[in-house]
Amino acid sequence: MSARVLTKPQGLSISVKVVPGASKTVIVGFEGDFVKIRLAAPPVDGKANRELIDYISKLLSVPKSKVHIQSGLTSKRKVILIENDDGTKLREILSSFESTEPVKRS
19 MSARVLTKPQ
29 GLSISVKVVP
39 GASKTVIVGF
49 EGDFVKIRLA
59 APPVDGKANR
69 ELIDYISKLL
79 SVPKSKVHIQ
89 SGLTSKRKVI
99 LIENDDGTKL
109 REILSSFEST
119 EPVKRS
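Residue numbers (the numbering used here): 19 to 124.
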């Protein structure tokens with residue numbers, strides 16, 4: 019999991035691969051160094067990006083204003099920055115996910 023989640027001075031960085039247009043928003047697994055996330059929103063007019071930010075914000079219980087797409091705005095592969103986060107909760111979610119079902123949106 020070391021390449022998927024990095025602690026940086028400004029916060030936490032996570033590499034994700036998104037699959038927009040899914041039936042629901044959910045983490046589905048890992049693809050190489052990327053956390054794979056299906057998004058219910060289509061890749062139109064930034065809807066999928068907003069859905070991704072909303073999902074991560076709710077999953078980690080952080081304000082949306084603290085979640086940024088650092089790179090990959092128009093790509094399926096993105097780097098997300100979560101400001102002022104030490105990664106404890108995300109690492110816990112991902113480690114428990116590796117042996118259980120996908121993490122569903124609440």
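Glycine included, each C-beta is placed from N, C-alpha and C at the ideal position. For clarity, every value in this text was computed on a predicted model and none was experimentally measured.
Practice prompt. Whole angstroms is fine: what's the gap from residue 88's alpha carbon to residue 110's?
Written response: 23 Å
Apply the 10 Å Cβ neighbour rule to residue 67 and answer buried if 16 or more other Cβ atoms are within range, or exposed otherwise. buried
* Asked: What does a CB cutoff of less than 6 Å around residue 94 pick up in its chain, not counting 5 residues either side in sequence?
  -> 35 and 36
inquiry  = Do residue 99 and residue 41 count as a contact pair if the criterion is CB distance below 8 Å?
reply    = When the beta-carbon positions are compared, residue 41 and residue 99 stay at least 8 Å from each other.
Going straight from the alpha carbon of residue 12 to that of residue 79, what length do you get? What the structure shows of the chain is the stretch from 19 to 124, and residue 12 is not part of that stretch, so it cannot be assessed.
How about residue 75 and residue 52: are their beta carbons less than 8 Å apart?
no
For a minimum of 3 consecutive residues, which ranges assigned as the beta strand (DSSP E) are wholly contained in the segment 48 to 80? Those beta strand (DSSP E) runs which fall completely within the segment 48 to 80 and span 3+ residues are 52 to 56.
- What is the residue span of the beta strand (DSSP E) that residue 25 lies within? 23 to 26
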